[in-house]
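Taking my numbering, the leading residue of the sequence shown gets -4, the next gets one more, and so forth.
Cβ coordinates follow ideal geometry from the N, Cα and C atoms, glycine included.
Remember, it's a predicted structure, so these values are computed and weren't measured experimentally.
See below for the structure under consideration.
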Amino acid sequence: MADGWSISGMWHRRSYSGFRWRDNLNLEASDWAPVTFTAPNHGTLPNGGGEQIAVYEFADPDFAYSTGEQLMTLAPDDWRTWNGFEVIVDGRLPRGGFMNASFTAGANQQSFCTSGRLDNPNGLRYCEWSEPYRPMGKLFGAVPLPFDTMISGLFQMFSGGHREARWRLDAADIGRPLINPDADGTTNVELIEPGTQFYDATTTLLVRFIKDVNVGASRLRLFMTASNIFNKAAVTARNQFFGGGGVFSPDYDRPTVIQDGRALSFGTQWQF
């Protein structure tokens, strides 16, 4: 690019297969029958909700379900791929400093349908999905200052996580309990397709100040680190239980974890 500066780029593809799964030898997909229910209406759901969703229960009410005979084997239909690119800029700053900036964007695709196809068709809902390219960025640098001091910083940006909405289906949704392994006749249903809705991106900034002190033939390094310097309280996890039995959960989408607050830490390092 210019004297002391460079730019590079990379393309990555990662493929994963050969996953294992537990095959219940006492259970087949033909042992199940579909039951349809109407998803709740809500502005955060795709098309406002009201989707007709098929769940599955045992076709024979007297089916003797057992988990005692399982085989650990390879899952022939399960795979995952990740495609992404990365751009990196490196450069020298005044006084012998340096800077590194990188930007990465990648997209995940996956299919984990073996269990749903062979054992329990409830596992077929959203067993295969993909997401758009999701960005991540980092900027890091350090500059020496007068009087044997140095300042450095790290800024990072992360994509937000997937928005989910889990519904606990019970007798209130279909008029009777489901005939399934759950003693209460219930099951969980995901209402939002993975890879279609995301939470906001989060950012963080860390700054470190270093002072070197010569003590005879040895050197004492003093440093102070300030993390989350702007004291942002970005949400990193939310309650994703949407409700059940015809009742919306008022806690849905409520923050459960936020970024750690601003913190100062001090330390020393003695080189001799």
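Counting along the chain, D168 sits inside no beta strand (DSSP E); it lies in the alpha helix (DSSP H) bounded by residues A166 to I169.
Out of Y247, A70, N209 and T33, the CA that lies nearest to the CA of F142 is found in N209. Residue F98 holds the alpha-carbon nearest to the alpha-carbon of I83 among F98, D73, P89 and D72.
Straight-line measurement puts the Cα of N223 at about 39 Å from the Cα of R120. Here DSSP, grouped into helix, strand and coil, assigns P139 to strand. Here the alpha carbons of A228 and N19 stand approximately 45 Å from one another. Looking at the backbone, the Cα of K133 and that of M5 are separated by about 16 Å.
Residue state for R120 is assigned as coil, using DSSP reduced to three classes.
Of the residues assessed, I205 falls on the buried side of the cut-off, its CB having 16 or more other CB atoms within 10 angstroms.
With fewer than 16 other CB atoms across the displayed protein chains lying within 10 angstroms of its CB, D57 is exposed. Taking the Cα positions, I2 is about 6 Å away from D85.
A contact is defined here as three or more CB-CB pairs under 8 Å, and the segment 148 to 156 fails this definition with respect to the segment 102 to 111.
The Cβ atoms of P139 and R90 sit closer than 9 Å to each other. Closest in C-alpha terms to W77, from the list L173, P172, L201 and Y128, comes Y128.
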